[in-house]
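Let me begin by presenting the structure, written as structure tokens, before commenting on it.
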Amino acid sequence: MRHPLVMGNWKLNGSTHMVHELVTNLRKELSSVVGCGVAIAPPMMYLDLAKQTAAGSHIHLGAQNVDLNLSGAFTGETSAAMLKDVGAKYIIIGHSERRTYHAESDELIAKKFAVLKEQGLIPVLCIGETEAENEAGKTEEVCSRQIDAVLNTLGAQAFEGAVIAYEPVWAIGTGKSATPAQAQAVHKFIRDHIAKADAAIAEQVIIQYGGSVNAANAAELFGQPDIDGALVGGASLKADAFATIVKAAAEAKNA
Ligand SMILES: O=C(CO)COP(=O)(O)O
């Protein structure tokens, strides 16, 4: 039985004041929610403050990226060992913004996946097609290529306890979410694709949807059998909206 996970990707947003206020409000709003995992990925800068402010709550910490190297002469980077050290658990890799602005390849992202697994951290592997790929009917081809980069190098077993976030690039930050039926079809395709390698692993892997998830559309998305929560951008910066999304996931899966 899979439990949903709702994770906030704060991207490049935050300040000392904002972290304190948002996490404090989230704690209050989420204190009675059960049945849904909750994580936040603030900028690295604010991980420790978020950790202190969330201490004793059920809110898990995450990060938005990781380097391949564990230590050494790699200016500007953050290692999996450091993320583990400060208490981060869920680490986003392969976000489309990193694939686009930092030219991250499928191969590099698969290596990051391996480093996270070796350190006992949970990869949140982002995949998804662009608008042009969607219009060209290439959604399944793109998603399977992005998954295969991990499957073919690390094997299906690597997905045990891991998270996949299906984030169609055309839906990110546009206000134009995939419809529940569209997202469900791709989530089922992803699960079936992994099942060809290992059915039990495919059954337990959490597949989140991401892309313009908000308080109004979350419940309908979570009503779909293969949508196990969400990776939330803009709406994760507002405590009430994010809490509504978490509650919708808990209710859908407890129903
Ligand atoms: O990129 C996203 C989460 O990783 C989604 O962003 P939005 O929820 O702002 O569309």
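Note that the numbering used here gives residue 179 to position 92 of the sequence shown, counting from 1, and the numbers run on in steps of one. C-beta: ideal position from N, C-alpha, C; glycine also.
- Of the heavy atoms belonging to ligand 1, at least one sits nearer than 7 Å to the Cβ of G297.
- If you check the C-beta of L318 against ligand 1, you find a heavy atom less than 7 Å away.
- Taking C-beta atoms as the reference points, N96 and G316 fail to come closer than 8 Å.
- Linking L157 to P130 through their CA atoms gives a straight-line distance of about 19 Å.
- When only Cα atoms are considered, I209 and G242 end up about 16 Å apart.
- In the three-state reduction of the DSSP assignment, A322 falls in the helix class, which pools H, G and I.
- The nearest non-hydrogen atom of ligand 1 is less than 7 Å from the C-beta of A322.
- Relative to ligand 1, N96 has its C-beta within less than 7 Å of a heavy atom.
- Per DSSP, reduced to three states, the secondary structure at H280 is helical.
- For E216, the distance from the CB to the nearest heavy atom of ligand 1 is not below 7 Å.
- CA-to-CA, the gap between L318 and I259 works out to about 10 Å.
- Between L113 and A175, the beta carbon gap of about 17 Å keeps them out of contact (Cβ cut-off 8 Å).
- Secondary structure within the segment 230–282: the alpha helix (DSSP H) runs of 4 or more consecutive residues, fully enclosed, are 267–282 (chain order).
- Annotated as proximal: V211 and M94, with beta-carbon spacing under 8 Å.
- At the C-beta level, S323 and I127 come within 8 Å of one another.
- Short of 7 Å from the beta carbon of A201, and not among the five residues preceding or following it, lie these beta carbons of its own chain, in chain order: L241.
- With respect to the 8 Å criterion, I234 and Y253 are not classified as neighbours on the basis of their beta carbons.
- Under the DSSP definition of a beta bridge, P210 partners with I178.
- Of all alpha-carbon atoms in V292, A306, S166, E205, the one lying nearest the alpha-carbon of S264 is that of A306.
- For N112, the enclosing alpha helix (DSSP H) begins and ends at 103–117.
- Residue pairing for N96: DSSP places it in a beta bridge opposite A128.
- By the Cβ criterion, the segment 322–339 is in contact with the segment 295–312, since at least three pairs of Cβ atoms, one from each stretch, lie closer than 8 Å.
- A Cβ-Cβ contact shorter than 8 Å links A150 with L170.
- The beta carbons of I251 and I196 sit no closer together than 8 Å.
- Taking C-beta atoms as the reference points, I179 and N221 fail to come closer than 8 Å.
- The secondary-structure analysis by DSSP pairs H145 with nothing; it has no beta-bridge partner.
- Non-local C-beta neighbours of F161 in its own chain, meaning closer than 7 Å and more than five positions away in sequence, comprise D154, ordered along the chain.
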